[in-house]
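Read through the structure below, which is laid out as structure tokens, and then see the notes.
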Ligand code: NDP
């Protein structure tokens with residue numbers, strides 16, 4: 002399907018060195034895109050860069066802390082110099098700290114919001130001029146079921162992910178005249194390092210997730226690739242500002 006063909010496109014995937022970011026990065030590469038992986042852990046990044054190259058695409062790894070504007074600007078410049086102007090951004094990097102709100106240190110609030118929300122905004126801002134010059138682009142943000150629901154230990158995470166949905170809508174409206182589509186993916190419960198600490202290793206919790214998910218299982222990171230390719234490709238040219246759950250039905254379970 003030509004509509005989904007990403008040949009000749011350049012994508013930046015933040016946090017593409019593991020979990021959901023890796024799943025989407027490999028999907029974009031399989032669809033034909035060259036990919037820059039922007040994250041902090043260079044060893045993990047090198048592994049995914051090699052996986053993308055093995056698919057026959059060009060790839061670079063860039064050390065980047067998305068909470069730092071200078072790192073973001075350097076990552077966009079380095080991607081442009083090495084692969085070309087990015088027409089696709091997947092702003093996927095994120096952290097989750099599980100603490101009840103009454104015990105939450107201010108620094109933890111700032112760290113989560115700076116990474117999960119401000120980082121998405123600054124990265125989007127940094128790619129805007131290049132996308133506009135290309136004649137259009139695709140920005141994909143990553144929300145969560147906590148964009149919709151609350152959690153006793155999720156105050157900063159939920160605030161950041163709710164914010165990502167609203168940021169997505171505002172960027173979509175602002176940049177629609179530039180042919181830049183901005184959409185959000187809302188993953189359900191996906192097997193990654195992030196959910197390993199409090200998820201699958203705590204059997205009770207894991208079983209509750211499975212029981213509440215209509216599909217009756219956790220999702221795999223690779224299962225986000227389909228939505229990623231759709232929202233990165235011409236197939237979604239008239240789709241903007243949406244938040245697409247990829248959750249095995251979690252969000253519609255009564
Ligand atoms: P992982 O912990 O596996 O991946 C998180 C990624 O974010 C890593 O690649 C990490 O790379 C990167 N990252 C974290 N902090 C920074 C930073 N300051 N600068 C740059 N990169 C950073 O978790 P997931 O794959 O599960 O999470 C990916 C996204 O999906 C997150 O936004 C998360 O909130 C969201 N999500 C996950 C769900 C799940 O069930 N797994 C459900 C809903 C949403 P490095 O440490 O090398 O910087």
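Residue numbers (the working numbering): 2 to 255. Every residue gets a Cβ at the ideal spot worked out from N, C-alpha and C, and that includes glycine.
Distance, residue j Cα to residue i Cα
i, j, result
"residue 181", "residue 250", "29 angstroms"
"residue 113", "residue 103", "16 angstroms"
"residue 228", "residue 56", "20 angstroms"
"residue 28", "residue 107", "37 angstroms"
"residue 139", "residue 116", "20 angstroms"
"residue 25", "residue 76", "19 angstroms"
"residue 83", "residue 131", "14 angstroms"
"residue 239", "residue 45", "35 angstroms"
"residue 36", "residue 60", "5 angstroms"
"residue 191", "residue 94", "15 angstroms"
Cβ-based burial, residue i [other Cβ within 10 Å; buried from 16]
i, result
"residue 3", "exposed"
"residue 47", "exposed"
"residue 253", "exposed"
"residue 125", "buried"
"residue 42", "exposed"
"residue 221", "exposed"
"residue 215", "exposed"
"residue 231", "buried"
"residue 194", "exposed"
"residue 136", "exposed"
"residue 80", "buried"
heavy atom of the ligand NDP below 7 angstroms from residue i C-beta
i, result
"residue 66", "yes"
"residue 190", "yes"
"residue 223", "no"
"residue 132", "no"
"residue 74", "no"
"residue 194", "yes"
"residue 41", "yes"
"residue 45", "yes"
"residue 19", "yes"
Boundaries (first-last residue) of the beta strand (DSSP E) holding residue i
i, result
"residue 35", "35 to 40"
"residue 15", "11 to 15"
"residue 244", "244 to 247"
"residue 188", "181 to 188"
"residue 91", "89 to 92"
Range covered by the alpha helix (DSSP H) that runs through residue i
i, result
"residue 207", "204 to 213"
"residue 139", "No alpha helix (DSSP H) holds residue 139; the beta strand (DSSP E) holding it covers 138 to 143."
"residue 170", "156 to 176"
Whole-Å CB distance - residue i paired with residue j, under 8 angstroms assumed
i, j, result
"residue 118", "residue 165", "6 angstroms"
"residue 40", "residue 17", "6 angstroms"
beta-carbon residue i near the ligand ATP non-hydrogen atom, thresh 7 angstroms
i, result
"residue 60", "Looking at this structure, you won't find the ligand ATP anywhere; what it does contain is the ligand NDP."
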